[in-house]
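Colleague: The structure's right below; bear with me while I get my questions together.
There are 2 protein chains.
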Amino acid sequence: MNQKIVIVGGVAGGATAAARLRRLNEQAEIVLFEKGEYISFANCGLPYYIGGTIPQRDKLLLQSVEGMSKKFNMDIRNLSEVIRIDRANKKVVIKDLRTNNEYEESYDKLILSPGAKPIKPAIPGIEDANNLFTLRNIPDTDKIKSHVDTNNIKKAVVIGGGFIGLEMAENLVDLGIDVSLIEASNQVMAPLDSEMAAMVHEHLVQKGVTLHLGDGVQSFEANGTKVNVTSGAHVDTDMIILSIGVTPENTLAKDADLALGVRGTIVVNEHLQTEDEDIYAIGDAIQVTDYVNGTPTMIPLAWPANRQGRLVADHINGLQATYNGTMGTAIAKVFDLTVASTGNNEKTLQRLNIPYRAIHIHPVSHAGYYPGGAPIALKLLFDEQTGRILGAQAVGKTGVDKRIDVIATAMKGNLTVHDLQDLELAYAPPYSSAKDPVNMAGYVAGNIMDEMVETVQWHEIDEIIANGGIVVDVREPIEREAGYISGTLNIPLGAIRERLTELPKDKAIYVSCQVGLRGYLASRILTQHGYKAINVDGGYKTYKYGHY
Amino acid sequence: MNQKIVIVGGVAGGATAAARLRRLNEQAEIVLFEKGEYISFANCGLPYYIGGTIPQRDKLLLQSVEGMSKKFNMDIRNLSEVIRIDRANKKVVIKDLRTNNEYEESYDKLILSPGAKPIKPAIPGIEDANNLFTLRNIPDTDKIKSHVDTNNIKKAVVIGGGFIGLEMAENLVDLGIDVSLIEASNQVMAPLDSEMAAMVHEHLVQKGVTLHLGDGVQSFEANGTKVNVTSGAHVDTDMIILSIGVTPENTLAKDADLALGVRGTIVVNEHLQTEDEDIYAIGDAIQVTDYVNGTPTMIPLAWPANRQGRLVADHINGLQATYNGTMGTAIAKVFDLTVASTGNNEKTLQRLNIPYRAIHIHPVSHAGYYPGGAPIALKLLFDEQTGRILGAQAVGKTGVDKRIDVIATAMKGNLTVHDLQDLELAYAPPYSSAKDPVNMAGYVAGNIMDEMVETVQWHEIDEIIANGGIVVDVREPIEREAGYISGTLNIPLGAIRERLTELPKDKAIYVSCQVGLRGYLASRILTQHGYKAINVDGGYKTYKYGHY
Ligand SMILES: Cc1cc2nc3c(=O)[nH]c(=O)nc-3n(C[C@H](O)[C@H](O)[C@H](O)COP(=O)(O)OP(=O)(O)OC[C@H]3O[C@@H](n4cnc5c(N)ncnc54)[C@H](O)[C@@H]3O)c2cc1C
Ligand SMILES: Cc1cc2nc3c(=O)[nH]c(=O)nc-3n(C[C@H](O)[C@H](O)[C@H](O)COP(=O)(O)OP(=O)(O)OC[C@H]3O[C@@H](n4cnc5c(N)ncnc54)[C@H](O)[C@@H]3O)c2cc1C
Ligand SMILES: CC(C)(COP(=O)(O)OP(=O)(O)OC[C@H]1O[C@@H](n2cnc3c(N)ncnc32)[C@H](O)[C@@H]1OP(=O)(O)O)[C@@H](O)C(=O)NCCC(=O)NCCS
Ligand SMILES: CC(C)(COP(=O)(O)OP(=O)(O)OC[C@H]1O[C@@H](n2cnc3c(N)ncnc32)[C@H](O)[C@@H]1OP(=O)(O)O)[C@@H](O)C(=O)NCCC(=O)NCCS
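Next up, the structure:
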């Protein structure tokens, strides 16, 4: 039976589905509609073409309409917008954007991969801001690039500190432009918790980006050359990149009475079918199940779109194909830093009332004695009862992607924090340590589960001190010169056994060091000498960023 | 109950066990004997100190006798060789190497972590070769470094192409020395299969190393300045590094009548206890169970030593502690290449008659359009019935460590090749592709299991052609100019649908391309048009290295 499959959207999800459909079935009739001029382009490369890291525009175009049509023997129609779905008659209505003609095309199966569009709220003055851009596709990119190239841009405002905003900030700085980043929440990179995001803030400032955090845009003035923020201040600028998130392209689905979910996403089942079993939906536009907490959510990233594209083709061809939810593994290069995360963060777990424990460690990316290593700030969230890994975040200059990928893999394998100790990872000095940072995270988390140590978090310690708690800093005096938690005593680790008598046995003794390791050692000593010792997780370094 | 624990060997396994023992128990009496001058040094950094990448010698010394004694409140005695175990009386006899005095020390538990020593066979002339060195510890390193620094060395011979030999070759080249590498087997890096090792061979030659493969050392002449090889040739040299492997330090165990296993390793149970339950053994000296195939083996690497050191301390303190076998995950930097592997290779699986399938892919380490990526040659071995992953090997300039670690993690999680498709790995252009190389390996292996494609291996194709088989190269004609499998027809992928009639339907059609992807696409087309198509796995690139 020759099926006719119509696909709406010709980029990540749509093009992948089309390619796999053809591989699975040489006879199927495949018609792909794309409203834009280009199919199969590298959305994720766009900021780097603007900044010049990717010098050639054609590198962004992975497949051409002609090339892909021929290679996969399919009917690809660009500049063709699908404007309506006629579910009863299994037809779509297409508007040819070259001619404005409308026509119909029937389908046996319909795949929607329309993506998402940048959110553009009705901020006063936005209509007149002719220097304001959003970034989603090649025409957007061309517009931004030509604006930058021809207008001698000196100052730019980026609104929104998500990964696209940060990538644009970096790329504009690379072009010698003075960048101000305006972000309404108190941190960039929402998948991170605040103490982790603080490292990104510090780095952005070091790179010359002016940060306006916790400060929303109030209005635009003077055709967008003046941006007023809620705090009352304003920023003068030559251009604006608006990147405050995306909203699903759901018009087709909505008009066809298909159920919508979270944030207007298209609801699908585990086979990626909408309420209408002949209509599939994939990619940025759909609602997915959060892999960790099971709630419905929207996770607009390229991996899910690609994965779903392949699965949908399989399902249409009668193969087993189940999408198991999205973890949200994400990564961004922010100047010299790599910022990555997987699973849930603390904010999400708190919101959903999911019990968790957090650890923060700061191991070096590879053997300390081999040049080129750098600390990785690694945060792991886990269930203390079962050891289940709930999420991880990492920030550092090198080796960050590897550790997040390993943890994401462990999560797919249902490995616990104890199992992380057992991961036999590749070690030679240029790549890791004999105890890899991920092993170390397993040890530190395992010690909490095994009741080897009690810990408190960076955000709890000020109140503890305010209430008269005893906090001992076990670093060397010279280390305190670069900063310490005020109200702490100082007994270096090496002296702790001799100076035990200085500490009371009837009160909890909080112990703090630089990253948590020596505090742990001190806690073990104290505990075994009959003290109630509690280690400040992640040490002063975590505390410092928590208070950045 | 205060236990007295005696440890033999103060480096990777021994020092780690000691540290954890103290953390677990502040009261235990811990006595650590090390026959060398130094404890807790970075064995793995030694070649890089010789080559100058690590400039300071003291960076190699992680803990000093004094520092560690104080920090962990333990009794550490260097230059103290344990020369006998008196199991009946639970005592060891120690020789103080400063004074040559012998004395006894009792133990409740004894931990042996004596490591392994370089193999030094009785090759004719070896005794007079005063320019011949092995490398295991700091004194060895000092000797090599001073030989190199003071003797105006121009030419060196490295015997043995394992990771230490290759690291030494690189570091000597870094010093401007002309290096010849002599390896008796036909390949370097035994954990790799030959077609993977061939990439390392090519790279070594590019870096100016003279390779003598499949050529053993016959004898040394003229105090080691002339090395005669089995083929009849000889190499003149100013110095020799002998690195043909290690043999377990088993004298103590053997003399104490503890069972020895494979290659003279000390036999232990899953709690790392020898036949004598009060004597534990860990590290390079012990027999471990191969995680994949279950057979006993010796895997002298730092991760196992560190892991076992901690487990042994746990077990002695009554905690749950089971060592689950060793996968052998290993990695080495070889000039600009990273070479890594985990699990079993094809040679091992063949030797043990374990059924397997192999795939070879050559994806780019990250998005092709973003600068800095490089191809990764990734080989995956799996069980076709169950999808179980049996092993993986990877060679490339960047991103290799990450992929092997992800696969090693997947193996610990008992994930199948189909599950690799589902791994949600961090994607942004500088780090990966929307389908990561590991996902891709999952797709390619999954397609074999799902009977989407049949494949043959690089080593099968010459015979197929010799027997009159039809092999179609589906690359563009211009690509063939850089080399092709002789005896192949050329029908570019784009023309295959039109030129089907040129091919017979009654014979198998073998299809080949550059890396296997287009061959797969062509196979799918051919199969669905009623041909029996078989793809040459890994394409011409794999074939080429297989025949290097
Ligand atoms: C600048 C930028 C950087 C990014 N970087 C990353 C990154 O580093 N990592 C990552 O994981 N993700 C990244 N993404 C997100 C990633 O590109 C998306 O998640 C992915 O492309 C989603 O695939 P999709 O198929 O759902 O939508 P898209 O790839 O956007 O494709 C949807 C297509 O459908 C077309 N379309 C919509 N409606 C219709 C219609 N009615 N008729 C015809 N055609 C229609 C659209 O024109 C569009 O071309 C980035 C996105 C952008 C914009
Ligand atoms: C040059 C080099 C590079 C390496 N690179 C890597 C790498 O990149 N990755 C990797 O995974 N592994 C690497 N290794 C291997 C790694 O160092 C070992 O696997 C690890 O050190 C084994 O730990 P161990 O405790 O068993 O033995 P060791 O660390 O060797 O410690 C054993 C100690 O016991 C002492 N000893 C022996 N007998 C006695 C006795 N009777 N009395 C007292 N003391 C005794 C020895 O003097 C020695 O110091 C490398 C090794 C070398 C030599
Ligand atoms: C370019 C595009 C059409 C490619 O789709 P695709 O053909 O599915 O993907 P690839 O070219 O990577 O090929 C993957 C296929 O080749 C196979 N393959 C890959 N390497 C192989 C090899 N060495 N040997 C055999 N088969 C191989 C895989 O198994 C897979 O086939 P399958 O799905 O049938 O199992 C689509 O991904 C796209 O448009 N991407 C751009 C948009 C985008 O993703 N944007 C977001 C990120 S910037
Ligand atoms: C240096 C050496 C003595 C260290 O042993 P160690 O104390 O077990 O290891 P580390 O210093 O890495 O510390 C690990 C401990 O600190 C804990 N830790 C690490 N970071 C922490 C943090 N941020 N917060 C709290 N605890 C932390 C870990 O949980 C672990 O403790 P545990 O085993 O009780 O769970 C030993 O590994 C050694 O001698 N190594 C050199 C030889 C060698 O390994 N050679 C081969 C490779 S070159």
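Going line by line, the protein sequences match chains A and B.
Quick note: to get our numbering, add 3 to the position in the first sequence (first position is 1).
Quick note: to get our numbering, add 3 to the position in the second sequence (first position is 1).
Even for Gly, the Cβ is constructed at its ideal location relative to N, Cα and C.
Predicted, not measured: the structure shown is a model, and the values here were computed from it.
(1) Hey, out of A:GLN221, A:VAL238, A:GLY219, whose CA is closest to THR228 of chain A's CA?
(2) Report all residues from its chain with a CB closer than 7 angstroms to the CB of LYS74 of chain A; omit the five preceding and five following residues, and keep chain order.
(3) Is the CB of TRP461 of chain A under 7 angstroms away from at least one CB in chain B?
(4) I want to see whether chain B comes within less than 7 angstroms of CYS47 of chain A, judged by CB atoms only; does it?
(5) Could you check whether the Cβ of LYS73 of chain B sits closer than 6 angstroms to any heavy atom belonging to ligand 6?
(6) Alpha carbon to alpha carbon, how far is ILE512 of chain A from ARG406 of chain B? Give it in angstroms, no decimals.
(7) So does the region 308-325 of chain A actually touch the region 16-33 of chain A, counting three or more Cβ pairs closer than 8 angstroms?
(8) Strictly below 8 angstroms CB to CB, what residues from chain A border THR545 of chain B?
(9) So, is the C-beta of ALA437 of chain B closer than 7 angstroms to a C-beta in chain A?
(10) Would you identify the three-state DSSP class for ILE407 of chain B, choosing helix, strand or coil?
(11) For the region 286-338 of chain B, list the beta strand (DSSP E) runs that are entirely contained and at least 3 residues long, ordered along the chain.
(12) Leaving aside the five residues before and after THR491 of chain B along the sequence, list all residues of the same chain whose C-beta is less than 7 angstroms from its C-beta, in chain order.
(13) Over the uninterrupted beta strand (DSSP E) stretch that includes HIS215 of chain A, give me the two end residues.
(14) According to DSSP, is GLU108 of chain B part of a helix, a strand, or is it coil?
(15) Less than 6 angstroms between the CB of LEU520 of chain A and some heavy atom of ligand 3, yes or no?
(16) Using the DSSP secondary-structure output, state which residues sit across from LEU340 of chain A in a beta bridge.
(17) Can you tell me whether DSSP reads VAL367 of chain B as helix, strand or coil?
(18) If contacts are defined as beta-carbon pairs under 8 angstroms, then GLN517 of chain B and GLU463 of chain B qualify, I think. What distance do you get, rounded to the angstrom?
(19) With respect to 6 angstroms, is the separation between the Cβ of TYR283 of chain A and the closest non-hydrogen atom of ligand 1 below this value?
(20) Counting along the chain, where does the beta strand (DSSP E) carrying LYS508 of chain A start and finish?
(21) Would you check if there are 3 or more beta carbon pairs closer than 8 angstroms linking the region 321-336 of chain B to the region 293-307 of chain B?
(22) Report yes if the CB atom of ILE537 of chain A is closer than 7 angstroms to the CB atom of VAL459 of chain A, and no otherwise.
(23) Between which two residues does the beta strand (DSSP E) harbouring GLU224 of chain B extend?
(24) State whether the region 360-378 of chain A contacts the region 435-443 of chain A, with contact taken as three or more CB pairs (one from each stretch) at a distance under 8 angstroms.
(25) Note down, in chain order, each residue of its chain lying with its Cβ closer than 8 angstroms to the Cβ of PRO194 of chain A, except the 5 sequence neighbours on either side.
(26) Leaving out the 5 sequence neighbours to the left and right, which residues in its chain are closer than 8 angstroms to ASN46 of chain A when beta-carbon positions are compared?
(27) So is VAL232 of chain A buried or exposed if we call it buried at 16+ other beta carbons inside 10 Å?
(28) Terminal residues of the continuous alpha helix (DSSP H) containing ALA15 of chain A?
(29) State the start and end residues of the unbroken beta strand (DSSP E) segment that holds ASP239 of chain B.
(30) Would LYS38 of chain A be called buried (16 or more neighbouring beta carbons within 10 Å of its own) or exposed?
(31) How would you write the range of the beta strand (DSSP E) that ILE473 of chain B sits in, first residue to last?
(32) Please list, in chain order, all residues of the same chain as PRO117 of chain A whose beta carbon is under 6 angstroms from its beta carbon, the five residues on each side excluded.
(33) Going along the chain, which residues of its own chain have a beta-carbon closer than 7 angstroms to the beta-carbon of GLY471 of chain A, five neighbours each way excluded?
(34) Considering only their Cβ atoms, is the gap separating LEU383 of chain B from THR412 of chain A smaller than 7 angstroms?
(35) Determine whether the Cβ of ILE537 of chain A lies closer than 7 angstroms to any Cβ atom of chain B.
(36) Which chain A residues are close to ILE79 of chain B, counting only those with a beta carbon under 7 angstroms from its beta carbon?
Modeller: Quick answer:
(1) A:VAL238
(2) none
(3) no
(4) yes
(5) Of the ligands this structure carries, namely ligand 1, ligand 2, ligand 3 and ligand 4, none is ligand 6.
(6) 43 angstroms
(7) yes
(8) Chain A residues near THR545 of chain B: none, gap ~21 angstroms exceeds 8 angstroms.
(9) yes
(10) helix
(11) 333-337
(12) VAL474, VAL475, ASP476, SER515
(13) 213-216
(14) strand
(15) no
(16) A:VAL337
(17) strand
(18) In fact, because the Cβ distance is near 18 angstroms, the residues do not count as touching under 8 angstroms.
(19) no
(20) Careful: LYS508 of chain A lies outside any beta strand (DSSP E) and carries neither H nor E.
(21) yes
(22) yes
(23) 220-224
(24) yes
(25) GLY331, ALA333, SER344, ASN348, GLN396
(26) VAL14, ALA15, ARG139, ASN140, ALA305
(27) buried
(28) 15-27
(29) 237-239
(30) buried
(31) 473-476
(32) VAL11, GLY12, GLU252, ALA288
(33) none
(34) no
(35) no
(36) In chain order: nothing, as chain A lies at least about 15 angstroms away.
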